[in-house]
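Asks:
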Amino acid sequence: MRPDIYEYPNRTFYGGKLVSVPNHTNRIEPELKPYVLFNLMATESHDNSVYKNSDEAQFIYNILHTLQANVHVNIEDNVDNEGYRRFRQNVSVTVNTIDGFQGMENDITIISCVRYNSNNFLQNEQRLNVALTRARQALYIIGNYTLFKDCIPLYDIREDAKKRKLCFDIKERPRHITNLYKYLVNSH
Numbered sequence: 012m013r014p015d016i017y018e019y020p021n022r023t024f025y026g027g028k029l030v031s032v033p034n035h036t037n038r039i040e041p042e043l044k045p046y047v048l049f050n051l052m053a054t055e056s057h058d059n060s061v062y063k064n065s066d067e068a069q070f071i072y073n074i075l076h077t078l079q080a081n082v083h084v085n086i087e088d089n090v091d092n093e094g095y096r097r098f099r100q101n102v103s104v105t106v107n108t109i110d111g112f113q114g115m116e117n118d119i120t121i122i123s124c125v126r127y128n129s130n131n132f133l134q135n136e137q138r139l140n141v142a143l144t145r146a147r148q149a150l151y152i153i154g155n156y157t158l159f160k161d162c163i164p165l166y167d168i169r170e171d172a173k174k175r176k177l178c179f180d181i182k183e184r185p186r187h188i189t190n191l192y193k194y195l196v197n198s199h
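Residue numbers (our numbering): 12 to 199.
(1) Measure the alpha-carbon distance for residue 21 versus residue 142 and round it to whole angstroms.
(2) Does the Cβ of residue 17 lie closer than 7 Å to at least one heavy atom of the ligand MN?
(3) What does the alpha-carbon distance come out to for the pair residue 31 and residue 112?
(4) Once DSSP output is grouped into helix, strand and coil, what is the label at residue 46?
(5) How many angstroms separate the CA atom of residue 148 from the CA atom of residue 134?
(6) Round the Cβ separation of residue 51 and residue 70 to the nearest angstrom and send it over; I've been treating them as touching at under 8 Å.
(7) Cβ atoms of residue 152 and residue 122: under 8 Å apart, would you say?
(8) Are the CB atoms of residue 48 and residue 178 within a distance shorter than 8 Å?
(9) If you count every other CB in all the chains shown that lies within 10 Å of the CB of residue 45, and 16 or more means buried, which is it?
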């Protein structure tokens with residue numbers, strides 16, 4: 012896990028004692044911004060007890076499309092290139108709940124908050140810790156200012172991202188966003 016990703020969870024949940032083991036086997040290039048929070052102007056809906064947010068879903072689709080078109084993985088020389096090519100052809104996206112990702116890691120983790128009001132699930136620091144510590148290379152959090160304002164743990168995350176200049180307000184409708192690349196990739 013990259014230091015920019017674990018900085019907030021380390022300080023908040025581990026008292027500064029978390030140590031990350033470097034993993035240099037697969038390097039994603041161009042270099043992704045390790046941690047980005049998107050404040051998306053969108054609307055949620057719900058049907059019975061199921062909450063939906065089609066704007067966030069579209070925004071995540073746009074992120075995935077941008078990454079697929081612009082990002083590749085550099086592998087070590089001693090890795091089987093043919094195996095990597097087969098893997099690349101079958102790259103899949105795993106969608107799950109926070110609880111479903113317990114104990115797993117991913118190169119890139121995208122968190123969709125879906126709802127725009129604070130609730131018991133989002134207030135649970137243990138679940139929030141799990142959500143924030145699944146990514147090795149990049150962590151993208153998508154939510155809405157109202158939620159970030161009203162949910163204390165998410166407010167703290169937003170303030171941390173703002174201090175580090177990693178919080179972006181997206182005012183366009185997700186279907187009309189044309190240049191996500193600048194938000195996802197470090198410019199050198």
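Positions of the beta carbon are idealized from the N, C-alpha and C atoms, including for glycine.
Replies: The answer reads as follows:
(1) 13 Å
(2) The model on display carries no ligand, and the ligand MN is accordingly not part of it.
(3) 19 Å
(4) strand
(5) 25 Å
(6) 6 Å
(7) yes
(8) yes
(9) buried
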